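Working notes, beginning with the structure itself.
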Amino acid sequence: MIPIAKPYLTTDEAQSAYDTILTGWVTQGPRVEEFEKRFCEYTGAKYAAAVSNCTTALHLAMIVSGIGEGDEVITPSMSYVASANCIRYAGATPVFGEVDRDTYNLNADHAESLITDKTKAIILVHQLGMPADIDAFRKLSDKYNIKIIEDAACAIGSSYKGKKIGSHSGIVCFSFHPRKVITTGEGGMIATDDESIYNKVKLLRQHGMSVNDRTRHESGKLIFEDHIVLGYNYRMTDIQASIGLRQLEKLDHIIEERRKIALKYIEELSSIECLVLPIEKEGYFSNYQSFSIYLKDSAPLSRNELMQKLLDAGISSRRGVLTAHRETSYRDEYKNLRLPVSEDACDRSFMIPLYVPMDSKDIDHIILTLKHILK
Ligand SMILES: *Cc1c(COP(=O)(O)O)cnc(C)c1O
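Residue numbers 2 to 376, in the working numbering, belong to the letters of the sequence shown in order.
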């Protein structure tokens, strides 16, 4: 069976975790600090604070943006459910925007039509690693004085207009879940160009503690900590960071290999009339965190029938990105909401395997199977 994804982990990461464990310092400490530094160097972000995952990063992004009860935050419904859940954690209301058919990213005109005097922020998701149109949303941010929070869970190493994701706007949240391009098991990062946001995040991720435990540990003088705000335990561990350090070193290689496979899929499958393949517009560079394909009405079978046939041929696939407003935890509250483009894209798209290293025989098998079923 060809899996849908596989993390790129070797003895390098295992050795790095092993070494960290033997230092005796296993939670947030020097490795986390080093990981943050390397992350900034890689992405061009001014500041970066590691956290336990991207969902907690998004939660902290809400808090440091001052979002709370009575506020509205615009987010695409077609995204992983965490892009909406984080708004609910803050007691605010998710307002679901429509996506563009060709990128699955939030449509700026539709988002603008949803802005009210309660709108505090827009969560801009770089779906499946494809950058969203950051400049279009910056214009909205300036015009209406609302914040932009980038959900870049899938987008490490992607770039927009020549600059890496993470270096463009106020708050950018990343994930290191194994389903993403690089992993620390679980893990997340908040990148920002604002020192005060960075300092607030560091406070909130560690119980709101005035002194971090490492400073206290290393101090020759007696220090008592104070808990100055309601904080959380959203720390990354040094074991995770030591894995992340090795993963970052390989990131460019991983992306290069992912792109080779994605471009091969595009080249080989573009002759199948009933498929719509991902497109990378001028100025956009995707890490191809996933490879999603849209199946047109003209296809000889349904999306689910196609996925079953792939499974029968030993090929795993996944349905396209979900729509939050149709998930059970949102359905009742949003029962009158219709988002035709998102719903159609969710119902008619599917993902095929893409990981590094991938056997070229498997790539050929996937291409030939799709051609055979759909021609
Ligand atoms: C994976 C993902 C998340 C959640 O990331 P975790 O690190 O698992 O919390 C959030 N948003 C999007 C768009 C994702 O793909």
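For every residue, glycine included, the Cβ atom is placed at its ideal position computed from N, Cα and C.
Remember, it's a predicted structure, so these values are computed and weren't measured experimentally.
Buried or exposed: V65, going by 16 or more other Cβ atoms within 10 Å of its Cβ? Sequence index remark: in the sequence shown, residue 65 carries index 64 (1-based). The residue is buried, with at least 16 neighbouring Cβ atoms inside 10 Å.
Taking 7 Å as the cut-off, is the beta-carbon of Y81 closer than that to any non-hydrogen atom of ligand 1? Walking along the sequence shown from the start, residue 81 turns up at place 80. At least one heavy atom of ligand 1 is nearer than 7 Å to the Cβ of Y81, so yes.
Let me check one thing: in DSSP terms, what residues is G276 bridge-paired to? The residue you call residue 276 lines up with position 275 of the sequence shown. With the sequence shown as reference, residue 276 is identified as Leu, and Gly is not the correct amino acid for it. L296.
Look at P132 and V100 and say whether their C-beta atoms are less than 8 Å apart. The residue you call residue 132 lines up with position 131 of the sequence shown. The residue you call residue 100 lines up with position 99 of the sequence shown. Result no, Cβ atoms of P132 and V100 do not sit closer than 8 Å.
To the nearest angstrom, how far is the alpha carbon of S299 from that of L141? Residue numbering aside, residue 299 sits at position 298 when the sequence shown is read from its first letter. Residue numbering aside, residue 141 sits at position 140 when the sequence shown is read from its first letter. Roughly 37 Å separates the two Cα atoms.
I88: which of I374, I135, I75, K372 sits nearest, CA to CA? Here residue 88 corresponds to residue number 87 of the sequence shown, with the count starting at 1. Closest by alpha carbon: I75.
Can you find the residues in the same chain that come closer than 7 Å, C-beta to C-beta, to A112, ignoring five residues on each side of it along the sequence? Mapped onto the sequence shown, residue 112 falls at position 111. Excluding residues within five positions, the ones whose Cβ falls inside 7 Å are I75, G98, I123, L141.
Opposite D152 in the DSSP bridges: which residues? For this step, residue 152 is matched to residue 151 along the sequence shown. Answer by DSSP bridge pairing, in chain order: V126, C174.
For the pair the segment 201-212 and the segment 174-190, tell me if three or more CB-CB distances fall below 8 Å. Taking a contact to require three or more Cβ pairs closer than 8 Å, the segment 201-212 and the segment 174-190 do not qualify as touching.
Could you tell me the alpha carbon to alpha carbon distance between I364 and D313, rounded to whole angstroms? For the purposes of this step, residue 364 is taken as the residue at position 363 of the sequence shown. For the purposes of this step, residue 313 is taken as the residue at position 312 of the sequence shown. Cα to Cα, the separation comes out at about 16 Å.
Indicate the three-state DSSP secondary structure (helix, strand or coil) for F40 in the structure shown. Your numbering for residue 40 matches position 39 in the sequence shown. F40: helix per DSSP, three-state reduction.
Between I191 and I172, which are expected to be in contact by the criterion C-beta below 8 Å, what is the C-beta distance as a whole number of angstroms? Translated into the one-based positions of the sequence shown, residue 191 becomes position 190. Translated into the one-based positions of the sequence shown, residue 172 becomes position 171. 6 Å between Cβ atoms; contact.
Based on Cα-Cα distance, which residue from S80, D118, I3, N86 lies nearest to S381? Residue numbering for the chain in the displayed model covers 2 to 376; residue 381 lies beyond these limits and cannot be assessed.
What's the C-alpha gap between E34 and E274? As a position in the sequence shown, residue 34 is number 33, starting the count at 1. As a position in the sequence shown, residue 274 is number 273, starting the count at 1. Taking the straight line from one Cα to the other gives about 50 Å.
A51: beta carbon under 7 Å from a heavy atom of ligand 1? As a working mapping, residue 51 is identified with position 50 in the sequence shown. No, the beta carbon of A51 sits no closer than 7 Å to any heavy atom of ligand 1.
According to DSSP, is H366 helix, strand or coil? Position 365 of the sequence shown holds residue 366. If DSSP states are grouped into helix, strand and coil, H366 belongs with the helices.
Three or more C-beta pairs closer than 8 Å, one from the segment 29-46 and one from the segment 237-249: is that the case here? yes
Please check the pair T104 and Y145, which I expect to be a contact at CB under 8 Å, by giving their CB distance rounded to whole angstroms. Numbered from its first residue, the sequence shown carries residue 104 at position 103. Numbered from its first residue, the sequence shown carries residue 145 at position 144. Going by Cβ atoms, the distance from T104 to Y145 rounds to 23 Å, so no, they are not a contact pair.
Using a threshold of 7 Å, is the CB atom of C347 nearer than that to any non-hydrogen atom of ligand 1? Within the sequence shown, numbered from 1, the residue matching residue 347 stands at position 346. No, since every heavy atom of ligand 1 falls outside the 7 Å radius drawn around the Cβ of C347.
Integer-rounded CB distance, given that A18 should sit under 8 Å from I240: As a first step, residue 240 must be located in the sequence shown, where it is residue number 239. As a first step, residue 18 must be located in the sequence shown, where it is residue number 17. I240 to A18, Cβ: 5 Å. Contact.
Can you tell me whether DSSP reads M359 as helix, strand or coil? By 1-based counting over the sequence shown, the position of residue 359 is 358. Correct three-state label for M359: coil.
Can you tell me which residues form a DSSP beta bridge with F97? To locate residue 97, count along the sequence shown from 1; it is residue 96. Note: F97 sits in a beta bridge opposite T76.
Which of the three DSSP states, helix, strand or coil, is assigned to L231? Residue 231 sits at position 230 when you count from the first residue of the sequence shown. L231: coil per DSSP, three-state reduction.
Who pairs with R320 in a beta bridge, going by DSSP? Indexing the sequence shown from 1 puts residue 320 at position 319. Note: R320 sits in a beta bridge opposite F351.
Taking 7 Å as the cut-off, is the C-beta of V126 nearer than that to any heavy atom in ligand 1? Position 125 of the sequence shown, counted from the start, is the residue given in the question as residue 126. Flag set: Cβ of V126 near ligand 1.
Name the DSSP beta bridge partners of F286, please? Position 285 of the sequence shown, counted from the start, is the residue given in the question as residue 286. Per DSSP, S160.
Just to check, is the beta-carbon of D239 closer than 7 Å to a non-hydrogen atom of ligand 1? Position 238 of the sequence shown, counted from the first residue, corresponds to residue 239. For ligand 1, not one heavy atom lies less than 7 Å from the Cβ of D239.
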